[in-house]
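Just below is one structure, and these are the notes that go with it.
Protein chains: 2
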Amino acid sequence: MTLSESILQGDRLALARVLTQVENDTPDGRAALDSLFPHTGKAHLIGVTGAPGTGKSSLVNQLALHFRKQNKRVAIVAVDPSSPFTGGAVLGDRVRMKDLSGDAGVFIRSMATRGSLGGLAQATAGVVQVFDAAGYDIVMIETVGAGQSEVDIARLAHTTLVVEAPGLGDDIQAIKAGILEIADILVVNKADRPGAENTEKALKSMLDMAHPTQRVYSHHGKYMSVALPKGEGKGEKEIWIPPIQKTVAIEGKGIAELVEQIEKHAAHLHVSGDWAAREHARLESELEAALRETLMSQFRERVTNQQYNEVMRQVFERSLSPGEAVKKLTNGRAK
Amino acid sequence: MTLSESILQGDRLALARVLTQVENDTPDGRAALDSLFPHTGKAHLIGVTGAPGTGKSSLVNQLALHFRKQNKRVAIVAVDPSSPFTGGAVLGDRVRMKDLSGDAGVFIRSMATRGSLGGLAQATAGVVQVFDAAGYDIVMIETVGAGQSEVDIARLAHTTLVVEAPGLGDDIQAIKAGILEIADILVVNKADRPGAENTEKALKSMLDMAHPTQRVYSHHGKYMSVALPKGEGKGEKEIWIPPIQKTVAIEGKGIAELVEQIEKHAAHLHVSGDWAAREHARLESELEAALRETLMSQFRERVTNQQYNEVMRQVFERSLSPGEAVKKLTNGRAK
Chain A
5 MTLSESILQG DRLALARVLT QVENDTPDGR AALDSLFPHT GKAHLIGVTG APGTGKSSLV
65 NQLALHFRKQ NKRVAIVAVD PSSPFTGGAV LGDRVRMKDL SGDAGVFIRS MATRGSLGGL
125 AQATAGVVQV FDAAGYDIVM IETVGAGQSE VDIARLAHTT LVVEAPGLGD DIQAIKAGIL
185 EIADILVVNK ADRPGAENTE KALKSMLDMA HPTQRVYSHH GKYMSVALPK GEGKGEKEIW
245 IPPIQKTVAI EGKGIAELVE QIEKHAAHLH VSGDWAAREH ARLESELEAA LRETLMSQFR
305 ERVTNQQYNE VMRQVFERSL SPGEAVKKLT NGRAK
Chain B
5 MTLSESILQG DRLALARVLT QVENDTPDGR AALDSLFPHT GKAHLIGVTG APGTGKSSLV
65 NQLALHFRKQ NKRVAIVAVD PSSPFTGGAV LGDRVRMKDL SGDAGVFIRS MATRGSLGGL
125 AQATAGVVQV FDAAGYDIVM IETVGAGQSE VDIARLAHTT LVVEAPGLGD DIQAIKAGIL
185 EIADILVVNK ADRPGAENTE KALKSMLDMA HPTQRVYSHH GKYMSVALPK GEGKGEKEIW
245 IPPIQKTVAI EGKGIAELVE QIEKHAAHLH VSGDWAAREH ARLESELEAA LRETLMSQFR
305 ERVTNQQYNE VMRQVFERSL SPGEAVKKLT NGRAK
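Which chain is which? The protein sequence lines are A and B, in order.
Sequential numbering of the first sequence, starting at 5, is according to our numbering.
Sequential numbering of the second sequence, starting at 5, is according to our numbering.
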């Protein structure tokens with residue numbers, strides 16, 4: 005039996021081994037992804053992102069416990085800024101493990117942020133696919149959520165939670181602005197702290213700016229989505245306005261309501277056709293990333309080290325610009 | 005006279021125009037980079053990065069004012085998470101502009117974070133080159149400093165400042181771990197706030213972990229670099245231990261000392277040969293990024309939309325994995 009077959013039958017050890025192969029982008033890992041791919045497409049992928057200090061990890065922990073009560077299998081993919089000398093990612097695991105350890109319906113995986121430009125997003129996409137194929141109903145992807153690569157990773161998800169908390173300094177507005185676009189649900193965690201009302205208000209006014217063409221009706225303190233008028237031959241389409249949910253994760257407050265919002269969003273995605281649209285967008289960007297890698301390795305086979313180093317020398321001397329160097333290396337067929 | 009020639013003669017309008025072309029990666033922008041490239045290599049590139057709430061912008065502002073007193077021309081490249089609906093980057097400019105506006109020796113440029121995977125790092129590299137060629141002595145690159153793309157951008161710099169501040173929540177340790185590796189100088193800003201001593205202590209102990217093989221001598225509260233014993237035929241080489249500098253940027257406190265540390269670091273880079281090494285690493289990664297883009301556009305010329313869409317359809321149906329799709333599109337020559 006291959007490792008992939010073992011995974012499909014629920015073997016945790018095989019799963020762990022393939023996750024490592026996929027993360028390291030080994031030939032075995034790539035082969036496993038190929039054979040597991042037809043079994044993907046069932047999991048609900050939930051991104052959880054937010055600035056440092058918002059209590060994301062506690063929230064993910066509580067969400068996992070809640071999903072377990074519904075008898076769903078849960079995978080957590082933690083994308084942490086790592087370091088060769090602190091092993092930061094491992095510590096995060098230990099904290100979470102306290103509540104979830106020993107539960108065979110839960111699998112936690114920390115990604116190391118080795119490699120650069122897109123490598124992490126690609127590895128994370130692979131790891132998520134493996135969990136999906138292995139039959140996990142919920143895959144939560146936790147990111148720090150400030151940089152572009154975190155945004156790219158969050159785009160993997162069907163449902164993205166953006167977590168805020170009161171009193172996190174002045175720059176936070178700028179971060180919110182960048183990340184609000186990807187939010188399907190906004191969470192104000194640590195909502196028992198002073199300033200929580202202000203945080204909620206600030207988010208609400210940013211939402212109003214983001215959705216200026218729609219009216220948002222406030223009903224018992226919750227923001228409701230409204231149907232847009234028919235237009236452009238598309239018929240009626242339900243518009244999703246990100247709700248704002250207050251939580252106190254370490255006390256488990258607001259978690260049930262948050263899970264309800266997550267389920268509502270999943271239902272909305274199916275009804276509106278956005279579930280399929282997001283799947284397509286995700287697979288397309290995955291394909292493009294893989295293409296780029298392959299084109300680069302093919303280039304490395306074509307051009308000798310000597311040719312490459314000679315061109316590089318001219319760039320160092322500044323007798324050739326990087327752009328001119330690329331033209332030379334790709335035989336004048338540069339864009 | 006071409007725009008590039010005008011830039012070399014100090015024309016600000018030409019400079020602004022070419023910066024836009026370079027940021028948008030237009031053919032004119034690429035041509036300008038080619039003709040300006042031989043004039044680069046003189047500026048001191050300083051990265052300023054740190055978590056939200058550390059007061060980076062105030063610090064950059066104060067540094068710029070200080071460099072201006074030394075009669076150096078200063079460019080500031082602000083890499084902000086942007087948003088199509090808030091125009092967040094523009095606000096940041098306005099705040100800074102108050103102190104620096106009207107000074108012909110200063111040029112401030114905000115980068116929009118449009119595009120994804122590496123696009124921003126590439127555009128920023130181009131913008132920095134233009135400023136370098138235009139004769140700016142100091143180019144400061146300000147990033148939010150949490151994600152991988154910020155780290156990639158910071159790697160552009162000769163000297164990287166990592167800014168911390170007391171009391172920024174619990175997740176901050178994880179961020180520090182990832183970003184400490186790129187720090188040449190550590191800044192504890194807002195050092196008049198409670199907890200500043202603890203922040204400094206925490207940074208010091210992380211530094212000790214990062215440099216376990218060297219002894220760091222503390223002298224009048226400053227950490228000094230020490231010579232390593234001769235070894236491996238390389239002769240003596242001065243090792244740089246990142247100093248920790250306390251500042252209160254909004255009051256201008258500690259700025260002169262910080263500038264002194266920055267100048268010391270530049271001197272160290274020249275003596276040790278690391279200046280050239282960093283230039284090489286930077287140009288090499290720039291060349292590779294440009295190569296990737298070119299290979300991708302060449303691919304788009306080779307493969308018709310129809311072929312691409314047919315393969316994509318099979319991926320959507322899950323009858324073909326992304327890996328298999330890439331093999332098919334690149335004629336089985338996948339890695």
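Beta carbons are placed, not taken as given, at the ideal position from N, Cα and C, and that holds for glycine.
Computed from a predicted model, the values in this text were never measured in an experiment.
In the DSSP assignment, the residues bridged to B:Thr147 are B:Thr53, B:Val83.
In the DSSP assignment, A:Arg113 falls within the unbroken beta strand (DSSP E) covering 110 to 115. With distances taken between CA atoms, B:Ala280 lies nearest to B:Ala47 out of B:Val307, B:Thr6, B:Ala47, B:Val26.
Identification of chain B residues near A:Pro170 by a Cβ-Cβ cut-off of 7 Å yields none; the smallest Cβ-Cβ distance measures about 11 Å.
Across the structure, B:Ser8 and A:Ser61 are spaced so that their CA atoms are roughly 50 Å apart. Here A:Lys194 is buried: its Cβ has 16 or more other Cβ atoms, across all protein chains shown, within 10 Å. If only complete runs of 3 or more residues are kept, the segment 242 to 315 of chain A shows the beta strand (DSSP E) at 248 to 250, in order along the chain. Scanning its chain for C-beta atoms nearer than 7 Å, with the 5 sequence neighbours on each side dropped, one finds around A:Val132 the residues Leu49, Val81, Val143, Ile145, Leu160, in chain order. With respect to the 9 Å criterion, A:Ala270 and A:Thr163 are classified as neighbours on the basis of their beta carbons. Per the coordinates, the alpha-carbon of A:Gly258 lies some 54 Å from the alpha-carbon of A:Val330. Three or more beta-carbon pairs separated by less than 8 Å are not found between the segment 306 to 314 of chain B and the segment 296 to 313 of chain A, which leaves the two stretches without contact. If you draw a 10 Å sphere on the C-beta of A:Val83, you find 16 or more other C-beta atoms in it, and that means buried. Look at B:Ile11 here: in three-state DSSP terms it is helix.
For A:Leu190, the enclosing beta strand (DSSP E) begins and ends at 189 to 192. Rounded to whole angstroms, the gap between the alpha carbons of B:Gln126 and B:Gln25 is 13 Å. B:Thr24 carries a helical assignment under DSSP once its states are collapsed to helix, strand and coil. Cβ neighbours of B:Val319 within its own chain (closer than 8 Å, five residues either side excluded): Ser325, Pro326, Ala329. C-alpha of A:Thr6 to C-alpha of A:Ala68: approximately 30 Å in a straight line. Within chain A, no C-beta atom comes less than 7 Å from the C-beta of B:Ala82; the nearest is roughly 10 Å away. The beta carbon of B:Asp38 falls within 9 Å of a beta carbon belonging to chain A, placing the residue at that interface. Closest by C-alpha distance to A:Leu12, out of A:Thr128, A:Gly109, A:Ala79, A:Val134, is A:Val134. With a threshold of 16 other beta carbon atoms within 10 Å, A:Ser114 meets it and is buried. The C-alpha of A:Gln74 lies about 27 Å from the C-alpha of A:Ile157. Beta-bridge pairing by DSSP links B:Glu168 to B:Val192.
In summary, the residues of the segment 317 to 328 of chain B whose CB is separated from some CB of chain A by less than 9 Å are Val319, Phe320, Arg322, Ser323, Leu324, Ser325, Pro326, Gly327, Glu328, in the order they occur in the chain. Distance from the CA atom of B:Arg282 to the CA atom of A:Glu314, rounded to whole angstroms, is 19 Å. When Cβ-Cβ separations below 9 Å define contact, A:Gly45 makes contact with chain B.
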